[in-house]
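Novice: The following block contains the structure, expressed as structure tokens.
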Amino acid sequence: MKACAKTDIGAKRNTNQDYVFCSMQSVGSLPNLFIVADGMGGHKAGDFASRYTVESFLESVRNSKEENPISIIEEGIKAANLSLIEKSYESIDREGMGTTLVVATLIGSSIYIANVGDSRLYLVNNEIQQITRDHSLVEEMINLGEIDRKNARTHEKKNIITRAIGADADVVPDFFEAEYSRGDIILMCSDGLSNMIEDEDIKLIINEGTELSDIVQKLIDTANENGGKDNISVVLVEPDDDEVNLC
Numbered sequence: 030m031k032a033c034a035k036t037d038i039g040a041k042r043n044t045n046q047d048y049v050f051c052s053m054q055s056v057g058s059l060p061n062l063f064i065v066a067d068g069m070g071g072h073k074a075g076d077f078a079s080r081y082t083v084e085s086f087l088e089s090v091r092n093s094k095e096e097n098p099i100s101i102i103e104e105g106i107k108a109a110n111l112s113l114i115e116k117s118y119e120s121i122d123r124e125g126m127g128t129t130l131v132v133a134t135l136i137g138s139s140i141y142i143a144n145v146g147d148s149r150l151y152l153v154n155n156e157i158q159q160i161t162r163d164h165s166l167v168e169e170m171i172n173l174g175e176i177d178r179k180n181a182r183t184h185e186k187k188n189i190i191t192r193a194i195g196a197d198a199d200v201v202p203d204f205f206e207a208e209y210s211r212g213d214i215i216l217m218c219s220d221g222l223s224n225m226i227e228d229e230d231i232k233l234i235i236n237e238g239t240e241l242s243d244i245v246q247k248l249i250d251t252a253n254e255n256g257g258k259d260n261i262s263v264v265l266v267e268p269d270d271d272e273v274n275l276c
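The structure is reproduced here in structure tokens:
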């Protein structure tokens, strides 16, 4: 297995409110763990929200007595959500803070995934497939037939998310299980990447690259060249490579 993760402030923002975690070593009962969080809130609150949520989630996973990976992840998300809500009461500067969260672990040939918000997980080979579903206003509009997916990328309300960690005590993550094959690449990202690069162009960049670190940098550079309107976070995992390497 190979993996590489990087987060970038982007071309327009003054702070980076994204946070990534990437481990090919076991975390609690999970054999590996990959996370992208995209914080929201004031100048410091979004930064705090993403980092604190990931740290709280990791603490729960390390202490979990559950055995099923989805149960471990669900327990962690709920614990992190309540912890973040409690923290939001401590300071007026953190009132209303929240974060997206996409989490994945690989066991055998399966990927176990959970997401809240609009940070994504894709499976990339000769095609590119978005496994997660965005919790966003424009996604709801697409489902209702009010707009098409192409126009959703530039819609004025594309940044409005309908679920987030810290927004509601009864957070409802979506869970997915996907199978990967040799040669597949797993991409996890914040919307700072997916809003700046078309999916087909993401696929081309990944398939044209060789080293994961170079591909990650190329994705970030392209997002910035296309406007870099938000923080950009990328995690790439090559599951079936014979080497073990974390960039």
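Under my numbering, the first residue of the sequence shown is numbered 30, with each subsequent residue one higher.
All C-beta atoms, glycine included, are put in the ideal place defined by N, C-alpha and C.
I'd like the span of the beta strand (DSSP E) that includes D203, first residue to last.
Specialist: Looking at the DSSP string, the run of the beta strand (DSSP E) that includes D203 is 203-208.
Novice: Which one of V266, E115, D230 has the shortest CA to CA distance from T251?
Specialist: Checking every option, the nearest Cα to that of T251 belongs to D230.
Novice: Is the beta carbon of G105 less than 7 Å from the beta carbon of F77?
Specialist: Going by C-beta atoms, G105 is not nearer than 7 Å to F77.
Novice: Hey, could you find the ends of the beta strand (DSSP E) T251 is sitting in?
Specialist: That residue, T251, is in no beta strand (DSSP E); its alpha helix (DSSP H) goes 241-254.
Novice: Considering only the beta carbon of each residue, do S262 and T36 sit closer than 7 Å?
Specialist: Result yes, Cβ atoms of S262 and T36 sit closer than 7 Å.
Novice: Quick check on V90: does DSSP put it in helix, strand or coil?
Specialist: Three-state DSSP puts V90 in a helix.
Novice: Mind checking which residues open and close the alpha helix (DSSP H) that includes D220?
Specialist: Per DSSP, D220 belongs to the alpha helix (DSSP H) from 220-223.
Novice: Residue range of the beta strand (DSSP E) that S262 falls in?
Specialist: 261-267 is the span of the beta strand (DSSP E), which, as asked, contains S262.
Novice: Does the separation of the CB atoms of N236 and T134 fall below 7 Å?
Specialist: Result no, Cβ atoms of N236 and T134 do not sit closer than 7 Å.
Novice: Going by alpha carbons, who is nearest to R42 out of G221, Y118, C276, L130?
Specialist: Of the candidates G221, Y118, C276, L130, the one whose C-alpha sits nearest the C-alpha of R42 is G221.
Novice: Could you have a look at G105 and say whether DSSP puts it in helix, strand or coil?
Specialist: Three-state result, G105: helix.
Novice: Are L150 and V131 touching if we call contact CB-CB under 7 Å?
Specialist: Taking 7 Å as the Cβ cut-off, L150 and V131 qualify as a contacting pair.
Novice: Would you decide whether D147 is buried or exposed? Buried here means 16 or more other CB atoms lie within 10 Å of its CB.
Specialist: It is buried - the Cβ of D147 has at least 16 other Cβ atoms within 10 Å.
Novice: Can you tell me the Cα-Cα spacing of F205 and A143, whole angstroms?
Specialist: Those two C-alpha atoms are separated by around 6 Å.
Novice: Who are the near neighbours of I249 in its chain, counting only those whose CB is closer than 8 Å to its CB and skipping five residues on each side?
Specialist: Correct list, in chain order: K35, D37, L222, I261, V263.
Novice: Is it true that the CB of S117 sits closer than 7 Å to the CB of M126?
Specialist: Cβ distance < 7 Å, so M126 and S117 count as in contact.
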